[in-house]
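Structure first, commentary second.
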DNA sequence: TGTTAGCACTCTCTACCAATGAGTGCTAAT
DNA sequence: ATTAGCACTCATTGGTAGAGAGTGCTAACA
C-alpha cells in the first residue's frame with residue numbers, strides 16, 4: 102500500500118525508537134529521550150520535526166500538548182508489519198520452557214492447558230489456547246461396554262486416533278447379549294460415517310430389527326452424538342488473566358475488572374481465536390482492530406498450530422496494545438513447535 | 102466461654118448494629134449513625150460510651166482518632182457466633198438458582214463446577230467447591246477394551262457407582278485373546294480390594310502365569326492406579342475470583358493481585374477446604390484465623406456436603422472479612438441441599 | 001446513677017495554588 | 001537541511017487552609 106512509501110528510512114527509525122521505548126517504559130517519549138538513548142546521530146530538534154510529521158500522518162499521538170508521544174494503533178500496526186525485530190528466546194527461557202514440558206503428558210487437553218500456562222508465564226501476558234478441533238469427524242467404530250446391570254460405557258473411536266467416551270445410565274437392565282447386539286448394530290450404521298450422514302430413519306429401522314427397547318437405543322444414540330460433539334468442538338484455555346493487573350494501562354480498577362469479566366466469556370474468546378483469514382500463519386489484532394468494544398485497547402496475537410496443510414487449533418496471547426510484540430511472536434513460534442510435536446506423540450502418526 | 106458474659110444486651114445490640122452497618126457501607130460507623138439509623142432509643146453520647154467499652158474489649162477498633170469504628174476479627178467472630186441473622190433467600194434468588202440448575206447434568210465434575218458458579222453469582226463473592234473424594238476406594242471390577250490394535254481403554258468401576266477410565270497406548274499389538282486374558286487376570290486380583298491391598302508381588306505372579314509381556318501388564322496396572330488415584334483425589338473449583346475486585350478493601354491493585362495469585366494456588370485452596378474439625382457442619386475462618394498470611398484479611402465460610410454420616414466434600418465462599426455472613430450462610434445452606442440431591446441422582450442410590 | 005447535651009479537639013479529605021519540569025513549536029543561525 | 005535557543009503549555013507535586021465527621025470529656029438532668 103501507499104502507507105509504506107509514506108515513511109522514509111529516518112522516519113521509520115524514529116518511529117521504531119519511539120515504539121521500542123514506549124513498550125519498555127510505558128511513558129510518553131519525547132524527542133530528547135530519543136536523541137539521547139538511541140544513536141541516530143540527530144539532534145532533538147530534528148527529531149521533533151519528524152515527530153510532528155509522524156503525528157500528522159497518524160502514527161503517533163500526544164496525550165496532551167506538553168507531553169511526549171505515544172504510538173497510535175496505526176503506529177503499532179506499521180511496527181508489527183515492518184519494523185519489529187524478532188529476537189530469539191534467551192537460552193534460559195528455552196531451558197525453563199523445556200523444564201516445564203518435561204513431565205510426560207498423556208491427555209491432549211492437559212497438554213493444551215500446560216502449554217497455555219507456559220505461554221503466559223514466559224510472556225507475562227494472558228494466553229489463550231484452543232484445543233484441537235476435528236470438524237466433521239469420521240467415526241471409525243463404536244464400542245459398548247456393560248459397566249454394571251444398568252450402566253453402559255459408550256466409546257467412540259474416530260479417525261485421527263481420537264477416542265471419546267461417555268457413561269450412560271439406563272432405566273432397564275440389559276444383559277450381555279443385548280449389549281453385543283447393540284454393539285453390532287451401531288457399528289453397522291456408523292462405521293466410516295460422519296455424524297450428519299447418519300439419519301435418524303436408518304436408526305429407526307435398525308431399532309425395529311434388533312428388538313431392543315426404543316429408550317435404550319435412543320440413549321446410546323444420544324451418547325454417541327455427545328461424544329462426536331465433544332470431538333468436534335474446541336475447548337478454550339485462558340491462563341494468566343491476572344497478569345493484566347500488572348500493566349499501568351489497567352491501573353483503573355473498574356476498567357481492569359471490566360476486561361477480566363469480558364475475557365471470562367466463552368464467546369468472546371471464540372471470536373478471538375477463530376480462524377479468520379486462513380492464509381496467514383500469524384495474525385495480529387491491534388487495539389481498535391478488535392471487534393469487541395471492551396478490547397479496543399488490547400492487542401491479540403494468534404497463530405495456527407497443527408500440520409502444514411491442516412490447522413488444528415489456535416494459540417495466542419492477549420495484552421495491552423503496548424505489548425512486547427517481538428518477544429511474544431518468538432515465544433509463540435517456539436511453543437507452537439513444541440506443541441505440534443507433543444500432539445503428534447499423543448495422537449500417533451497415523452492420519 | 103467468659104466472652105459471652107462480657108457483653109450485656111445493650112452492648113450486643115450496638116455491636117450488631119455497627120457490624121450490620123459496616124458490612125453494608127464499608128465505612129467506619131460513628132455513634133451518631135447508630136443513634137439515627139438503628140432504633141435503639143439511645144442518644145449518640147450513650148452509644149459513644151458503649152463503643153469505647155467495646156473497643157476496650159477488642160470487638161471494634163478505630164482506624165484513627167476522629168473516625169468511626171470498624172469491627173475487629175474478634176468482633177466478627179462474636180457476630181457470627183451470636184448475633185448474625187440468617188434470613189432466608191429471597192424468592193427471586195431461589196428462582197434464579199433453580200433456573201441455573203435446570204439443565205440436566207450427567208457428570209459429577211460438571212455439576213460441581215456449575216454449583217460453584219451459582220454460588221459465586223448468588224453471593225457476589227468467590228466460591229470454592231471441592232469435588233467428591235472417595236478415600237480408599239474399593240475396586241468392584243476392571244474392564245479392558247481394545248480400542249484399536251495398540252490401544253486399550255482401561256475402565257475401573259468402584260463401589261458407590263463411580264467409574265473412571267483411561268486410554269493407554271502400547272508398544273505392542275495385542276489381540277482379542279490377550280485382552281480377554283488380561284481382563285480375567287486383573288479382575289481376579291483386584292475385585293473387592295482397595296489399591297493399597299494390591300501388592301506388586303501378587304501382580305508379578307500373575308504376570309508369569311498368563312504369559313503376557315511385562316510391559317503390557319505394567320502399563321495396564323499403571324492405568325488402573327491412575328484411575329483409582331483420580332477417584333480418591335478431589336478437584337477444586339474456584340469461581341468468581343474477579344469479584345474480589347469489587348470490594349473497596351481490595352482497591353489497592355498490588356494487594357488485589359497478590360490475593361488473586363494466592364487463590365490460584367492449588368495448595369492454598371486445599372488448606373481452605375480440608376475437613377478440619379469433623380464435628381462442625383459449618384466452619385468460619387475469619388481474617389487472622391486463617392493460616393495463610395495473604396488471607397489474613399479474608400474470611401472463609403465452608404460447609405460439608407454429602408450424606409449425614411459421610412461427608413463427600415466441601416463447599417465454601419471466600420470474601421473480605423466484611424462479608425455478608427448471614428446471606429452467605431443461607432446461600433450455602435440452600436445450594437448444599439440441591440447439590441446433595443443432584444449427586445444422589447448421578448451416583449444412583451446404591452451405596 | 002445512668003443518660004444526654006454541649007464543646008473543644010483530632011484527624012482525614014478536598015480544594016486550591018504555586019512551583020517544577022518535561023516537552024513542544026517556532027525562529028534564527030549554521 | 002539541521003540545530004541551538006527560547007517562549008510557551010500543561011500535568012504533576014507539595015503545601016496549606018478549611019470543612020466535616022467523629023471522638024472524649026464535662027456538666028447538667030431525670
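Chains as they are written, first to last, in this note's numbering: chain H, 102 to 452; chain C, 102 to 452. For glycine and all other residues, C-beta sits at the position ideal for the given N, C-alpha and C.
Enumerate, from N- to C-terminal direction, the unbroken beta strand (DSSP E) stretches of 3 or more residues contained entirely within the segment 394 to 418 of chain H. 399 to 407
Is the distance from the Cβ of residue 417(H) to the Cβ of residue 228(H) below 8 angstroms? As a first step, residue 417(H) must be located in the first chain, where it is residue number 316. As a first step, residue 228(H) must be located in the first chain, where it is residue number 127. The answer is yes: Cβ separation under 8 angstroms.
For residue 249(C), return the contacting residues in chain H, with the cut-off set at a CB-CB distance below 7 angstroms. In the second chain, counting from the first residue as 1, residue 249(C) sits at position 148. The answer, in chain order, is 258.
Between residue 264(C) and chain H, is any beta-carbon pair separated by less than 8 angstroms? Along the second chain, one-based indexing puts residue 264(C) at 163. Yes, contact with chain H.
Taking the straight line between their C-alpha atoms, what separation do you get for residue 208(C) and residue 335(C)? Locating residue 208(C) in the second chain gives position 107, counting from the first residue. Locating residue 335(C) in the second chain gives position 234, counting from the first residue. C-alpha separation (whole angstroms): 15 angstroms.
Any C-beta of chain C sitting closer than 8 angstroms to the C-beta of residue 221(H)? As a working mapping, residue 221(H) is identified with position 120 in the first chain. Taking Cβ atoms only, chain C never reaches closer than 8 angstroms to residue 221(H), which makes this a no.
Return the CA-CA distance between residue 321(H) and residue 274(C), expressed in angstroms with no decimal places. For the purposes of this step, residue 321(H) is identified with residue 220 of the first chain, where counting begins at 1. For the purposes of this step, residue 274(C) is identified with residue 173 of the second chain, where counting begins at 1. Cα-Cα distance, rounded: 29 angstroms.
Which residues of chain H have a Cβ atom closer than 8 angstroms to the Cβ of residue 357(C), listed in chain order? Residue numbering aside, residue 357(C) sits at position 256 when the second chain is read from its first letter. 346, 354, listed in chain order.
Mapping the DSSP letters down to three states, classify residue 154(H) as helix, strand or coil. Against the first chain, residue 154(H) aligns to sequence position 53. Look at residue 154(H) here: in three-state DSSP terms it is helix.
Residue range of the beta strand (DSSP E) that residue 122(C) falls in? Stepping through the second chain from its first residue, residue 122(C) is reached at position 21. Segment 110 to 126 is the alpha helix (DSSP H) holding residue 122(C); no beta strand (DSSP E) there.
Can you give the beta carbon distance from residue 415(H) to residue 374(H), rounded, assuming they're within the 8 angstroms contact cut? Position 314 of the first chain, counting from 1, holds the residue named residue 415(H). Position 273 of the first chain, counting from 1, holds the residue named residue 374(H). 4 angstroms between Cβ atoms; contact.
Pick out whichever of 196(H), 170(H), 178(H), 248(H) has its Cα sitting closest to the Cα of residue 400(H). Residue numbering aside, residue 400(H) sits at position 299 when the first chain is read from its first letter. Cα-wise, what sits closest to residue 400(H) is 178(H).
Classify residue 383(C) as helix, strand or coil using the three-state DSSP reduction. Taking the second chain and counting its residues from 1, the one referred to as residue 383(C) is at position 282. Residue 383(C): strand per DSSP, three-state reduction.
Short of 8 angstroms in beta carbon distance, which residues of its chain neighbour residue 299(H), apart from the five on each side in sequence? Order them along the chain. If you number the first chain from 1, residue 299(H) lands on position 198. Cβ neighbours of residue 299(H) beyond the five flanking positions: 290, 291.
Drop a sphere of 10 angstroms on the beta-carbon of residue 134(C), count the other beta-carbons inside from all chains shown, and report buried for 16 or more, exposed for fewer. For the purposes of this step, residue 134(C) is identified with residue 33 of the second chain, where counting begins at 1. Of the other Cβ atoms in all chains shown, 16 or more fall within 10 Å of the Cβ of residue 134(C); this residue is therefore buried.
Identify, in the order they occur along the chain, each residue of the same chain with its Cβ nearer than 8 angstroms to the Cβ of residue 263(H), setting aside the five sequence neighbours on each side. In the first chain, counting from the first residue as 1, residue 263(H) sits at position 162. These residues qualify, in order along the chain: 235, 238, 332, 448.
Test: residue 399(H) CB closer than 8 angstroms to a CB of chain C: Along the first chain, one-based indexing puts residue 399(H) at 298. No, residue 399(H) lies away from the interface with chain C (no Cβ there is under 8 angstroms from its Cβ).
Against chain C: residues of the segment 231 to 248 of chain H by CB proximity under 7 angstroms: 244, 246, 248
Given residue 466(C) as reference, the closest of 444(C), 419(C), 442(C), 439(C) once Cα atoms are compared: In the structure displayed, chain C extends from 102 to 452; residue 466(C) sits before or after that span and is not available.
Would you call residue 349(H) buried or exposed, if buried means 16 or more other Cβ atoms sit within 10 Å of its Cβ? The residue labelled residue 349(H) in the question sits at position 248 within the first chain. Residue 349(H) should be labelled exposed.
Residue 174(C) at chain H interface by Cβ criterion, 8 angstroms: Residue numbering aside, residue 174(C) sits at position 73 when the second chain is read from its first letter. Chain H contact via Cβ: absent.
Residue 386(H) burial status per 10 Å Cβ neighbour count (16 or more: buried): As a working mapping, residue 386(H) is identified with position 285 in the first chain. Buried, since its Cβ has 16 or more Cβ neighbours within 10 Å.
Please classify residue 118(H) as buried or exposed, where buried requires at least 16 neighbouring CB atoms within 10 angstroms. Translated into the one-based positions of the first chain, residue 118(H) becomes position 17. Here residue 118(H) is buried, its C-beta having at least 16 other C-beta atoms within 10 Å.
Contact residues within the segment 328 to 339 of chain C, judged by C-beta distance below 7 angstroms to chain H: none
Within the same chain, show all residues whose beta-carbon is closer than 6 angstroms to that of residue 421(H), passing over the 5 residues directly before and after it, in chain order. As a working mapping, residue 421(H) is identified with position 320 in the first chain. Result list for residue 421(H): 348, 350, in chain order.
Below 7 angstroms on C-beta distance, what does residue 362(C) contact in chain H? Translated into the one-based positions of the second chain, residue 362(C) becomes position 261. Near residue 362(C) (Cβ distances below 7 angstroms), the residues of chain H are 343.
Under 8 angstroms, with one C-beta from each stretch per pair, do the segment 174 to 192 of chain C and the segment 140 to 147 of chain C reach the 3-pair mark? no
Which residues does DSSP list as the beta-bridge partners of residue 172(C)? Within the second chain, numbered from 1, the residue matching residue 172(C) stands at position 71. Residue 172(C) is bridged to 161(C).
Boundaries (first-last residue) of the alpha helix (DSSP H) holding residue 437(H): On the first chain, residue 437(H) is found 336 positions in, with the first residue counted as 1. Counting along the chain, the alpha helix (DSSP H) containing residue 437(H) begins and ends at 426 to 448.
Does DSSP put residue 319(H) in a helix, a strand or coil? By one-based count along the first chain, residue 319(H) stands at place 218. Residue 319(H): helix per DSSP, three-state reduction.
Below-8 angstroms beta-carbon distance, residue 268(C) vs any chain H residue: By one-based count along the second chain, residue 268(C) stands at place 167. Judged by the 8 angstroms Cβ criterion, residue 268(C) is in contact with chain H.
Taking a contact to mean a Cβ-Cβ separation below 8 angstroms, would you say residue 257(H) touches residue 329(H) in this structure? Walking along the first chain from the start, residue 257(H) turns up at place 156. Walking along the first chain from the start, residue 329(H) turns up at place 228. Contact flag set, yes.
Beta carbon of residue 148(C) nearer than 8 angstroms to that of residue 136(C): Here the question's residue 148(C) lines up with position 47 in the second chain. Here the question's residue 136(C) lines up with position 35 in the second chain. For residue 148(C) and residue 136(C), yes; Cβs fall inside 8 angstroms.
Along the chain, where does the beta strand (DSSP E) that runs through residue 241(C) open and close? To locate residue 241(C), count along the second chain from 1; it is residue 140. Its beta strand (DSSP E) spans residues 239 to 249.
Residue 341(H) to residue 252(H) span [Cα, whole Å]: Sequence index remark: in the first chain, residue 341(H) carries index 240 (1-based). Sequence index remark: in the first chain, residue 252(H) carries index 151 (1-based). Distance from the CA of residue 341(H) to the CA of residue 252(H), rounded to the nearest whole angstrom, comes to 40 angstroms.
By DSSP, does residue 325(H) sit in helix, in strand, or in coil? Translated into the one-based positions of the first chain, residue 325(H) becomes position 224. Looking at residue 325(H) - three-state DSSP - the assignment turns out to be helix.
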